[in-house]
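S.K.:
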Amino acid sequence: MLKRKQSSDGITTLIARSNPKSVIAEQYRTIRTNIQFASIDRNTKTIMVTSPGPGEGKTMTAANLAVVFAQQGKKVLIVDADMRKPALHLRFRKTNEQGLSNILAGNQTLQESVYETGMNQLDLLTCGPIPPNPSELLGSKAMEEFIEEAKENYDLVIFDTSPVLAVSDAQVLGGFCEGTILVLRSKFTEYRATQKTIDLLKSVNTKLLGTILNDREKKNSNFYYYAKKK
Ligand SMILES: Nc1ncnc2c1ncn2[C@@H]1O[C@H](COP(=O)(O)OP(=O)(O)O)[C@@H](O)[C@H]1O
Ligand SMILES: [Mg+2]
1 MLKRKQSSDG ITTLIARSNP KSVIAEQYRT IRTNIQFASI DRNTKTIMVT SPGPGEGKTM
61 TAANLAVVFA QQGKKVLIVD ADMRKPALHL RFRKTNEQGL SNILAGNQTL QESVYETGMN
121 QLDLLTCGPI PPNPSELLGS KAMEEFIEEA KENYDLVIFD TSPVLAVSDA QVLGGFCEGT
181 ILVLRSKFTE YRATQKTIDL LKSVNTKLLG TILNDREKKN SNFYYYAKKK
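When the letters of the sequence shown are read in order and numbered with the UniProt record's numbering, they come out as residues 1 to 230.
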């Protein structure tokens with residue numbers, strides 16, 4: 001039986017759902033538009049959200065992007081492919097008793113494992129029990145088959161991932177995902193880490209659809225704007 005679990009920040013971090021008229025929700029919609037432009041000449045159905053290190057906003061970004069794509073009418077599956085530190089279940093106030101790892105181990109089907117989210121167009125696949133060999137599982141034939149099945153059942157599949165520089169999982173998954181969104185955290189992610197991450201992502205078969213500068217202070221917006229133009 002699936003049970004509900006409370007989480008302290010589930011509401012605030014899914015702001016695109018709880019407060020769709022907010023400035024932040026509007027920014028997620030702008031990112032959605034930019035992703036659509038970046039993938040205009042191909043029908044991108046699989047997108048992974050990643051970043052160089054931990055705590056930069058991958059999970060928050062992935063969850064909110066899934067919400068705004070679903071609000072647009074797309075049938076979306078969001079998948080927790082961070083098999084080191086799964087967190088999507090907390091955002092959606094679910095437990096992590098079952099999920100992707102069960103499917104990859106051949107113990108469960110996609111239909112048996114997905115959660116409803118309260119939004120018609122959005123389903124959630126949590127990580128499930130943490131396996132001992134995440135990168136092996138993410139690069140497996142079973143993963144490839146799971147992605148094919150997910151693409152048949154959904155318009156868009158969004159993956160939350162582990163940090164690129166910590167482990168090879170995101171790179172491995174990048175081999176299966178048509179597009180990648182790179183999240184950087186303002187005043188936190190270092191330039192060299194960003195460069196290294198982009199280089200690593202370039203070496204796999206995924207298109208960098210865009211980079212999100214997360215947590216940028218509003219008062220600095222002019223500074224960044226002018227700094228860029230120099
Ligand atoms: N723009 C932001 N403003 C405020 N808090 C944020 C912001 N982005 C991320 N956080 C918080 O920072 C923490 C790490 O974010 P998370 O999305 O879990 O990062 P990651 O998945 O990259 O490890 C979470 O507690 C999240 O709520
Ligand atoms: Mg995360």
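Each residue gets a CB set at the ideal place from its N, CA and C atoms; glycine is no exception.
Given the structure is predicted, the values throughout are model-derived calculations rather than measurements.
1. Is DSSP giving residue 197 helix, strand or coil here?
2. Just to be sure I understand the criterion: a residue counts if its Cβ is closer than 7 Å to at least one heavy atom of ligand 2. Which residues meet that?
3. Can you check whether the CB of residue 172 is closer than 9 Å to the CB of residue 50?
4. Between the Cα of residue 26 and the Cα atoms of 71, 152 and 45, which residue gives the shortest distance?
5. Determine the burial state of residue 107: buried for a count of at least 16 other Cβ atoms within 10 Å of its Cβ, exposed for fewer.
6. For the segment 132–215, list the alpha helix (DSSP H) runs that are entirely contained and at least 4 residues long, ordered along the chain.
7. By Cβ distance below 6 Å, which residues in the same chain neighbour residue 137 in space, the five residues on each side in sequence not counted?
8. With a threshold of 16 other CB atoms inside 10 Å of the CB of residue 41, please say whether the residue is buried or exposed.
9. Near residue 215, what residues of its chain come up, given a Cβ to Cβ distance below 6 Å and the 5 sequence neighbours on each side ignored?
10. Unbroken alpha helix (DSSP H) runs of length 4 or more, entirely within the segment 87–127: which are they?
11. Under 8 Å from any heavy atom of ligand 1, does the C-beta of residue 56 make it?
M.R.: On the basis of the supplied data:
1. Here residue 197 sits in helix by DSSP.
2. Counting only heavy atoms of ligand 2, the residues whose C-beta sits closer than 7 Å to one of them are, along the chain, 58, 59, 82, 85, 87 and 160.
3. no
4. 71
5. Classification for residue 107: exposed.
6. 134–138, 141–153, 169–174 and 191–202
7. Apart from the 5 residues on each side of it in sequence, residue 137 sits with its Cβ closer than 6 Å to the Cβ of 104 and 131 in its chain, given in chain order.
8. exposed
9. 185 and 186
10. 88–91, 100–104 and 110–113
11. yes
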